[in-house]
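Working notes, beginning with the structure itself.
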């Protein structure tokens, strides 16, 4: 069998599916090759960030994602205990799903303000992937082919060939063959990425680190129990940590009813099949209880790896193929979705003819630094808790043990805030230094994970605000939007539209009269990209031709601007108010 398409996507996890959705909504033909016939049935990532929820909102299905996971009133707290049924050391309160919905208009997520219409959501990746698969069905240009395993990728100067064979529900190879010809290929095929290896791209960083938790071979146990909450004997939570010298472990509530995931670290050299997981689970809980095993799976923690390059010729990599995390802070899956969004609009712009192919070089320039930032953060949070040494006397009924528990609780309280209260990390994405973002004088704000400072400097995520009760994000166009702070149409905006039309570039114009938002954005005009990052801000004396040529990496047409220098960095004068 032979097929031809614009973009071949190898791997149909969150990165591959979200990339397909970004392409599909712009009419770009793509084929997704996914090995698994069915959606995953084993828990993976546990948390969806505010930024990822914003991306889902752009595509119109954030509300559907929000309905997945724990019951509306189930606490989403993180709690640390000596044993899970024993003494509580510290608890970090996180709003329930219903509380999150009620508080979204205020960006109130607890201790810090989160200025976003989409607060983080605690839900298993295995519940999200079926929904992402359903979303691809909305677009005729997407061909989701499940039960296909790519086995070779041939990169040419003008196209790529992907060879694949069929796979049955048991994961066994079939005799059916496929030759897929495409203009581009994107490897969203995980840490053992065929596409990355075909490009000769290597990971760099730390492959593993020894620690008492999240530092070596791990085993996850997926099970059901109708009695566990009663055995725990405390206010419900989303995530529980057992902190003791006998058996450390992490327990996650999947549905708030009877499904749970327990993660434990194995001893050095211990084979997963030899582990007495039942005894380990009882030791972490501190009591025996009835449960039924669904499945168990070994995995490796301690990675801090980023690919040396994110592209080669007509091939790109995204998600775990480009970066590999220790799963603290929930960064891996969310970084993967952000990769897909960034690359998706750029591929569509090139394929649809309104951007130069040089635009695609900005993918690595923008996303590799974010991957390095996020993997470093995840490693720090893993070390913060994983390298803690716990005394055997921690749970004793003595004054000395009580003092140790108090000190440990204080340390864990600091740790948990730095892992789960991170608006700066989730919302403070900045692409300053990108070749398609205008340079602005002055230093950018410091990027502290726990503190988000709203900024409309070029490269930053466009700050959120409400316009007559409607999210600003809901008013932005699918592609580029010129945000104009004015009560009525302006001549300057008309010039932008005329230039964009001549270039064949989609550009919406949005007029907003809010003085509060104008003060936040610090300029009269703001050019916002399809991924809701600021490309430029300024006032009436700007040259639309030069700016639009820059953001799509092409020479301006029809004499709208002149000189190749216009495609290089543009130095924009400081605006009246810096944010």
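In the numbering used here, the protein residues as written are 29 to 607.
Even for Gly, the Cβ is constructed at its ideal location relative to N, Cα and C.
Reduced DSSP secondary structure (H/G/I, E/B, other) of residue i
| i | result |
| --- | --- |
| residue 255 | coil |
| residue 496 | coil |
| residue 22 | This structure leaves residue 22 out entirely; the chain is present only between 29 and 607. |
| residue 468 | strand |
| residue 30 | strand |
| residue 287 | strand |
| residue 215 | strand |
| residue 527 | helix |
| residue 122 | coil |
| residue 36 | strand |
| residue 93 | helix |
| residue 20 | Residue 20 falls outside the range modelled here, since the chain spans only 29 to 607, and no answer is possible. |
| residue 277 | strand |
| residue 309 | helix |
| residue 98 | coil |
| residue 303 | coil |
| residue 322 | strand |
| residue 44 | helix |
| residue 182 | strand |
| residue 479 | coil |
| residue 582 | coil |
Bridge partners - residue i, DSSP secondary structure assignment
| i | result |
| --- | --- |
| residue 174 | 62 |
| residue 194 | 176 |
| residue 246 | 293, 327 |
| residue 555 | 510, 564 |
| residue 235 | Answer is none; residue 235 lacks a bridge partner. |
| residue 206 | 192 |
| residue 109 | 116, 270 |
| residue 489 | 561 |
| residue 344 | 214, 339 |
| residue 412 | DSSP, once it has assigned bridges, lists no residue as partnering residue 412. |
| residue 535 | 508 |
| residue 545 | The partner list for residue 545 (beta bridge, DSSP) is empty, contrary to what the question assumes. |
| residue 75 | 150 |
| residue 201 | 195 |
| residue 334 | 232, 351 |
| residue 540 | 513 |
Cutoff 6 Å; reference residue i; Cβ partners in own chain excluding five residues on either side
| i | result |
| --- | --- |
| residue 55 | 169 |
| residue 567 | 552 |
| residue 353 | 359, 360, 403, 406 |
Residues near residue i in its chain [Cβ-Cβ closer than 8 Å; skip 5 each side]
| i | result |
| --- | --- |
| residue 31 | 59, 171, 206, 207, 208, 209 |
| residue 147 | 78, 81, 123, 128, 131, 132, 135, 137 |
| residue 495 | 503, 540, 542, 545 |
| residue 29 | 204, 205, 206, 207 |
| residue 159 | 89, 92, 93, 96 |
Assigned exposure category for residue i - 16 Cβ within 10 Å defines buried
| i | result |
| --- | --- |
| residue 204 | exposed |
| residue 267 | buried |
| residue 62 | buried |
| residue 492 | buried |
| residue 341 | exposed |
| residue 396 | buried |
| residue 255 | exposed |
| residue 102 | buried |
| residue 456 | buried |
| residue 74 | buried |
| residue 327 | exposed |
| residue 468 | buried |
| residue 295 | exposed |
| residue 186 | exposed |
| residue 277 | buried |
| residue 33 | buried |
| residue 191 | exposed |
| residue 157 | buried |
| residue 374 | buried |
| residue 248 | buried |
Close-in-space but distant-in-sequence residues of the same chain around residue i (CB under 7 Å, 5 per side omitted)
| i | result |
| --- | --- |
| residue 399 | 334, 350, 351, 363 |
| residue 282 | 71, 152, 288, 289 |
| residue 112 | 260, 268, 270, 279, 312, 313, 314 |
| residue 554 | 484, 511, 562, 565 |
| residue 320 | 251, 252 |
| residue 394 | 370, 459, 462 |
| residue 472 | 458, 460, 485 |
| residue 481 | 473 |
Check: residue i C-beta below 7 Å from any heavy atom of the ligand NAD
| i | result |
| --- | --- |
| residue 208 | Although the ligand NAD was asked about, the structure shown includes no ligands whatsoever. |
Chain B within 8 Å of residue i, Cβ atoms only
| i | result |
| --- | --- |
| residue 129 | Of the protein chains in the structure, only one exists, and it is not chain B. |
If we require 4 or more residues per run, which alpha helix (DSSP H) segments fall completely within the segment 418-462? 427-448, 451-455
Entirely enclosed alpha helix (DSSP H) segments - the segment 356-414, minimum 4 residues: 359-379, 389-414
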